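Undergrad:
Protein chains: 2
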Amino acid sequence: MADLVYKNVMQDLKRRINDNQFPDKRLPDERSLSESYEVSRSSVKRALNVLAQQGIIFKKRGSGTFVNPLYIKNQAVFSYEGRNLGVTDSMRVDGKKPSIKLLDFQVIPATPELQQDLFLNADDFVYQIKRLRSLDQQPVMIETGFIPIKIMPELSTTVVSGSIFNYLEDNKHVSVTKSFMTVEAEPSDDKDQELLSLKPTEPVGVMSGIFFLDDGTPFEVSNMRIHYKYMKYNNFVDLDAD
Amino acid sequence: MADLVYKNVMQDLKRRINDNQFPDKRLPDERSLSESYEVSRSSVKRALNVLAQQGIIFKKRGSGTFVNPLYIKNQAVFSYEGRNLGVTDSMRVDGKKPSIKLLDFQVIPATPELQQDLFLNADDFVYQIKRLRSLDQQPVMIETGFIPIKIMPELSTTVVSGSIFNYLEDNKHVSVTKSFMTVEAEPSDDKDQELLSLKPTEPVGVMSGIFFLDDGTPFEVSNMRIHYKYMKYNNFVDLDAD
DNA sequence: CTCGGTAATTGGGTCGTACCAATTTTCTAA
DNA sequence: TTAGAAAATTGGTACGACCCAATTACCGAG
Numbered sequence: 001m002a003d004l005v006y007k008n009v010m011q012d013l014k015r016r017i018n019d020n021q022f023p024d025k026r027l028p029d030e031r032s033l034s035e036s037y038e039v040s041r042s043s044v045k046r047a048l049n050v051l052a053q054q055g056i057i058f059k060k061r062g063s064g065t066f067v068n069p070l071y072i073k074n075q076a077v078f079s080y081e082g083r084n085l086g087v088t089d090s091m092r093v094d095g096k097k098p099s100i101k102l103l104d105f106q107v108i109p110a111t112p113e114l115q116q117d118l119f120l121n122a123d124d125f126v127y128q129i130k131r132l133r134s135l136d137q138q139p140v141m142i143e144t145g146f147i148p149i150k151i152m153p154e155l156s157t158t159v160v161s162g163s164i165f166n167y168l169e170d171n172k173h174v175s176v177t178k179s180f181m182t183v184e185a186e187p188s189d190d191k192d193q194e195l196l197s198l199k200p201t202e203p204v205g206v207m208s209g210i211f212f213l214d215d216g217t218p219f220e221v222s223n224m225r226i227h228y229k230y231m232k233y234n235n236f237v238d239l240d241a242d
Numbered sequence: 001m002a003d004l005v006y007k008n009v010m011q012d013l014k015r016r017i018n019d020n021q022f023p024d025k026r027l028p029d030e031r032s033l034s035e036s037y038e039v040s041r042s043s044v045k046r047a048l049n050v051l052a053q054q055g056i057i058f059k060k061r062g063s064g065t066f067v068n069p070l071y072i073k074n075q076a077v078f079s080y081e082g083r084n085l086g087v088t089d090s091m092r093v094d095g096k097k098p099s100i101k102l103l104d105f106q107v108i109p110a111t112p113e114l115q116q117d118l119f120l121n122a123d124d125f126v127y128q129i130k131r132l133r134s135l136d137q138q139p140v141m142i143e144t145g146f147i148p149i150k151i152m153p154e155l156s157t158t159v160v161s162g163s164i165f166n167y168l169e170d171n172k173h174v175s176v177t178k179s180f181m182t183v184e185a186e187p188s189d190d191k192d193q194e195l196l197s198l199k200p201t202e203p204v205g206v207m208s209g210i211f212f213l214d215d216g217t218p219f220e221v222s223n224m225r226i227h228y229k230y231m232k233y234n235n236f237v238d239l240d241a242d
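If you're matching them up, the sequences are chains W and B in order.
Take 1 as the starting number for the first sequence in UniProt numbering and just add one per residue.
Take 1 as the starting number for the second sequence in UniProt numbering and just add one per residue.
#1: Examine the Cβ distances between the region 96-107 of chain W and the region 115-134 of chain W and report whether three or more of them are shorter than 8 angstroms.
#2: Between B/Arg-225, B/Gln-106, B/Pro-218, B/Leu-13, which has its C-alpha nearest W/Pro-69's C-alpha?
#3: With a cut-off of 8 angstroms, does the C-beta of W/Thr-177 fall near any C-beta of chain B?
#4: On the CB-based measure, 16 or more other CB atoms within 10 Å of its CB, does W/Asp-192 come out buried or exposed?
#5: Pull up the DSSP beta-bridge partners for B/Pro-218, would you.
#6: Could you check if W/Phe-58 is buried or exposed, using at least 16 other CB atoms within 10 Å of its CB as the buried criterion?
#7: Roughly how many whole angstroms lie between the Cα atoms of B/Tyr-71 and B/Ile-56?
#8: Mind listing, in chain order, the continuous beta strand (DSSP E) runs of no fewer than 3 residues lying wholly within the region 109-169 of chain B?
#9: Does W/Phe-119 have its Cβ less than 8 angstroms from a Cβ in chain B?
#10: Please list, in chain order, the chain W residues whose beta carbon lies closer than 8 angstroms to that of B/Ile-210.
#11: Quick one: which residues of the region 226-239 of chain W get their C-beta closer than 7 angstroms to a C-beta of chain B? List them in chain order.
#12: What in chain W is Cβ-close to B/Phe-58, meaning under 7 angstroms?
#13: Going by DSSP in three states, W/Leu-70 sits in which element: helix, strand or coil?
#14: Just how far apart, CA to CA, sit B/Lys-60 and W/Thr-182?
#15: Report the three-state DSSP secondary structure of B/Asp-19 (helix, strand or coil).
#16: Here's the rule I'm using: 16 or more other beta-carbon atoms within 10 Å means buried, otherwise exposed. How should B/Asp-240 be labelled?
#17: Taking the alpha-carbon positions, what's the W/Glu-202 to B/Pro-187 distance?
#18: Quick one: residues in its chain with C-beta nearer than 8 angstroms to the C-beta of W/Thr-157, no 5 flanking neighbours on either side, listed in chain order?
#19: Check each candidate in B/Asp-238, B/Phe-236, B/Val-67 and name the one with the smallest Cα separation from B/Arg-26.
#20: Does any CB atom of chain B fall closer than 8 angstroms to the CB of W/Thr-157?
#21: Taking all protein chains shown into account, decide if W/Ser-40 is buried (16 or more other Cβ within 10 angstroms of its Cβ) or exposed.
#22: Pairs of beta-carbons, one from the region 201-215 of chain W and one from the region 162-179 of chain W, closer than 8 angstroms: are there three or more?
#23: Please report the distance separating the alpha-carbon of B/Ala-122 from that of B/Leu-48.
#24: Mind checking the region 173-203 of chain B against chain W and listing, in chain order, the residues whose C-beta falls within less than 8 angstroms of any C-beta there?
#25: Output needed for B/Ala-228: all residues of its chain with C-beta closer than 7 angstroms, excluding positions within five of it in sequence on either side, in chain order.
#26: Flag this pair as yes or no: are the beta carbons of W/Ile-142 and W/Arg-225 separated by less than 8 angstroms?
#27: Given a cut-off of 8 angstroms, decide if B/Asn-223 and B/Thr-144 are closer than it, judged by their beta-carbon atoms.
#28: Roughly how many whole angstroms lie between the Cα atoms of W/Pro-139 and B/Pro-139?
#29: Could you tell me the distance, in whole angstroms, from the CA atom of W/Pro-23 to the CA atom of W/Met-10?
#30: Look at the alpha carbon of B/Leu-33 and the alpha carbon of W/Phe-119, and state the distance between them as a whole number of angstroms.
#31: Can you name, in chain order, every residue of its own chain whose Cβ lies under 7 angstroms from the Cβ of W/Glu-169, other than the five neighbours on each side?
#32: Relative to chain W, which residues along the region 99-115 of chain B have a C-beta separation below 9 angstroms, given in chain order?
#33: Under the criterion of a Cβ to heavy atom distance below 7 angstroms, does W/Phe-211 qualify as lining the ligand COA?
#34: Below 8 angstroms between beta carbons: does that hold for B/Val-5 and B/Ser-43?
#35: What would DSSP say about B/Gln-54, mapped onto helix, strand or coil?
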C-alpha cells in the first residue's frame, strides 16, 4: 500500500496494537524497533510521532512508549482516525445510507465576507449551493456552500447533487486536505424546524468554516446546520506539537 | 525563551509573517533559510512543518512555501494558537474577568463509566466537582469534573475554587497537555435555564471529554454545559499529517 | 535491609548527507 | 515563434551519527 518507510512502520505498529500484541501496553524501545524493522531510528521516531499525535500512544522520555489505554477500550471514540473532511464520508460510518436533496443552486456575486474568506476580487462570482442531507430518510443537515466559479467553472446540478469532494478527487485529481472549522450551538429557526423536523425547543449544531485545496487555495466556505442528535464532533488535542 | 533551534526559527518566522515581511506571501526556500539562520535544513523543515500544521503556512513541493492569506486577514480566528486545554485560560482572552462559584464538592465511588475512562478499579473513589463559571458576572458554563483521589489526594475546596490546572503546574510541576473532547448541542434543561439565565428555546453547547497528564495518565473526566452564545470551538485540521 | 550514588536505558534534538519527486524556468530545435 | 525537452529550483523522505535529558535499574556502603 504505502511505499513510505515510516508509514509502513506506522501501519504495522497500529495493527499490532489492535491485535493486542503489547499486553503490558508497552512498546519496544525505538532502537529495538529500528533494528527489527531494519529501518533507521529516525523513521521509527517519525512513525511514533504521528501515532502520538493521533492519541494512540504516549511517549515518556527515559521511560518508554505506551499504548493509550483508552484507545484499546474505546476505539469507537477514536474513529476519527479514519478521518476525512468531507461530510458524505463521515456519515457513512454510521452504517446508514446518506442521501442528498438539492434545495438551491445559483451563481451570485461574492459578498465582502466571501471575498475575504475565499481570497476573491470584488467582481468575482461564486456558486451558492443549498443542500439537505439525510440518513435513512431522516433529514439531518442543512448545508450551504459557496465555491468560486473560477475554481470550478464546470459545476453542474448533477455534480452538486452528489459528493463534490469525491468528484474533485476522481475527475480533477486534487484533494481537499485542510479545513478551518468553527463549532457552535444555536436555537433552531423556522426553516430548521421545518426541514429537520425539530421542535422549537430543540437546537441545531452549527459547523461553519473554510475548506482548502492542497496548495492552500481556499476552495469552499461552508455552513452546516445539523440536527442536534446527529452532531458529534470529536477532537484529540496534543499541545506538545510545538 | 526557547532554547531549541527549531522553536527559535519558528518564532522568528512567525514574527516576520506578522510584520508582513513577505509581501508576496512567499517565504524563502528551505536551503536559504538554513543558511541565513545558520542552522541545518532539518531544523528549518521541522519549524516549517509545525507552522504548516497550525495552518499558518502552506508548502507545495517544487513550488515553494507560502503564508496562508487567511492567517494575515483574520488572525483573530487563528487565535487558538495561543492555545490551551484549561478553561480558565481560554476565557481570559475575551478581556472579561472570569470567576468561579463552587456548587458541589464531594467524594463518590467511581461509576463503571468513570472506571473505564479514568482507568480505575472497582473500589476506587473520585472527586466530583461542580462549578459555575462566569465572565463579568454573566454565568456562562456549568462544569462537572471527576478526578481520581489517588492522583490528587490533597485536593481542597480552596484549590477547587480556582484553576486546578494552574495549581497543578505551579505546585506539582506537571502539566495537562492532551485531551480528547466531544462537542455537541443540546436543549437546555431546567437547571441550565436557572443557572445560565436561558429561555426554554435556548440551547447549551456541551463539551465533554478526558484530560491527560504528560505521561498519558487520564486525569479528569469533564462535562461542560455552556451558554450557547459563549461557545465557539475552533479547529484547524490538516489531513497530511499521516 | 535501606539509602544514595552511579550506570544503563530510553526518548529528544541537531546536524549533515544523499537522493527522490513535483514544479518552474530555461534552452533548444523545428 | 513556439512546442517540447532539458536543467534548475524546491520541498519530501531516509539514513545515521552525535550528544543531551529524564527515568529507571543496579550496586555498594552503612
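Don't be surprised by glycine CBs; every beta carbon is placed ideally from N, CA and C.
A quick note: this is a predicted structure, and the numbers were derived from the prediction, not measured.
TA: With the given structure in hand:
#1: yes
#2: The sequence position of residue 69 of chain W within the first sequence is 69, counting from 1. Among B/Arg-225, B/Gln-106, B/Pro-218, B/Leu-13, the Cα nearest to that of W/Pro-69 is on B/Pro-218.
#3: The residue you call residue 177 of chain W lines up with position 177 of the first sequence. For W/Thr-177, the answer is yes, since a Cβ of chain B falls inside 8 angstroms of its Cβ.
#4: For this step, residue 192 of chain W is matched to residue 192 along the first sequence. The residue in question, W/Asp-192, is buried, as its Cβ has 16 or more Cβ neighbours within 10 Å.
#5: On the second sequence, residue 218 of chain B is found 218 positions in, with the first residue counted as 1. Beta-bridge pairing links B/Pro-218 to B/Phe-212.
#6: Working through the first sequence from its first residue, we reach residue 58 of chain W at position 58. W/Phe-58 comes out buried.
#7: As a first step, residue 71 of chain B must be located in the second sequence, where it is residue number 71. As a first step, residue 56 of chain B must be located in the second sequence, where it is residue number 56. For B/Tyr-71 and B/Ile-56, the distance between alpha carbons rounds to 6 angstroms.
#8: 125-135, 138-148
#9: As a first step, residue 119 of chain W is located in the first sequence; it is residue number 119 there, counting from the start. Answer yes: the Cβ-Cβ gap between W/Phe-119 and chain B drops below 8 angstroms somewhere.
#10: Within the second sequence, the letter at position 210 stands for residue 210 of chain B. Those within 8 angstroms of B/Ile-210 in chain W are Leu-70.
#11: Tyr-228, Met-231, Lys-232, Tyr-233, Asn-234, Asn-235, Phe-236, Val-237, Asp-238, Leu-239
#12: The sequence position of residue 58 of chain B within the second sequence is 58, counting from 1. Neighbours of B/Phe-58 on chain W, chain order: Asp-215, Gly-216.
#13: Within the first sequence, numbered from 1, the residue matching residue 70 of chain W stands at position 70. Three-state result, W/Leu-70: helix.
#14: Stepping through the second sequence from its first residue, residue 60 of chain B is reached at position 60. Stepping through the first sequence from its first residue, residue 182 of chain W is reached at position 182. Between B/Lys-60 and W/Thr-182, the C-alpha separation is close to 26 angstroms.
#15: The residue you call residue 19 of chain B lines up with position 19 of the second sequence. Here B/Asp-19 sits in coil by DSSP.
#16: Counting from one through the second sequence, the residue named residue 240 of chain B turns up at place 240. Label assigned to B/Asp-240: exposed.
#17: On the first sequence, position 202 is the one that residue 202 of chain W refers to. On the second sequence, position 187 is the one that residue 187 of chain B refers to. Those two C-alpha atoms are separated by around 5 angstroms.
#18: Within the first sequence, residue 157 of chain W is the residue found at index 157, counting from 1. Contacts found: Leu-102, Phe-105.
#19: Within the second sequence, numbered from 1, the residue matching residue 26 of chain B stands at position 26. Closest by alpha carbon: B/Val-67.
#20: By 1-based counting over the first sequence, the position of residue 157 of chain W is 157. Closer than 8 angstroms: no.
#21: One-based indexing of the first sequence puts residue 40 of chain W at position 40. So W/Ser-40 ends up on the exposed side.
#22: yes
#23: Looking up residue 122 of chain B in the second sequence gives position 122. Looking up residue 48 of chain B in the second sequence gives position 48. Cα to Cα, the separation comes out at about 47 angstroms.
#24: Thr-177, Lys-178, Ser-179, Phe-180, Met-181, Thr-182, Val-183, Glu-184, Ala-185, Glu-186, Pro-187, Pro-200, Thr-201, Glu-202, Pro-203
#25: Within the second sequence, the letter at position 228 stands for residue 228 of chain B. Going by the sequence as given, residue 228 of chain B is Tyr instead of Ala. Once the five neighbours on either side are set aside, the close Cβ partners of B/Tyr-228 are Glu-202, Pro-203, Val-204, Gly-205.
#26: In the first sequence, counting from the first residue as 1, residue 142 of chain W sits at position 142. In the first sequence, counting from the first residue as 1, residue 225 of chain W sits at position 225. Against a cut-off of 8 angstroms, the Cβ pair of W/Arg-225 and W/Ile-142 comes out as a contact.
#27: Along the second sequence, read from residue 1 onward, the residue named residue 144 of chain B stands at position 144. Along the second sequence, read from residue 1 onward, the residue named residue 223 of chain B stands at position 223. For B/Thr-144 and B/Asn-223, yes; Cβs fall inside 8 angstroms.
#28: As a position in the first sequence, residue 139 of chain W is number 139, starting the count at 1. As a position in the second sequence, residue 139 of chain B is number 139, starting the count at 1. Cα-Cα distance, rounded: 34 angstroms.
#29: Here residue 23 of chain W is taken as the residue at index 23 of the first sequence, counted from 1. Here residue 10 of chain W is taken as the residue at index 10 of the first sequence, counted from 1. Straight-line Cα distance between these residues: approximately 18 angstroms.
#30: Within the second sequence, the letter at position 33 stands for residue 33 of chain B. Within the first sequence, the letter at position 119 stands for residue 119 of chain W. Rounded to the nearest angstrom, the two C-alpha atoms are 28 angstroms apart.
#31: Within the first sequence, the letter at position 169 stands for residue 169 of chain W. So the list reads Ser-175, once near-sequence residues are dropped.
#32: none
#33: Absence of the ligand COA from the depicted structure is noted, as is the absence of any ligand whatsoever, leaving it without description.
#34: One-based indexing of the second sequence puts residue 5 of chain B at position 5. One-based indexing of the second sequence puts residue 43 of chain B at position 43. For B/Val-5 and B/Ser-43, yes; Cβs fall inside 8 angstroms.
#35: Against the second sequence, residue 54 of chain B aligns to sequence position 54. Residue state, collapsed to three classes: coil.
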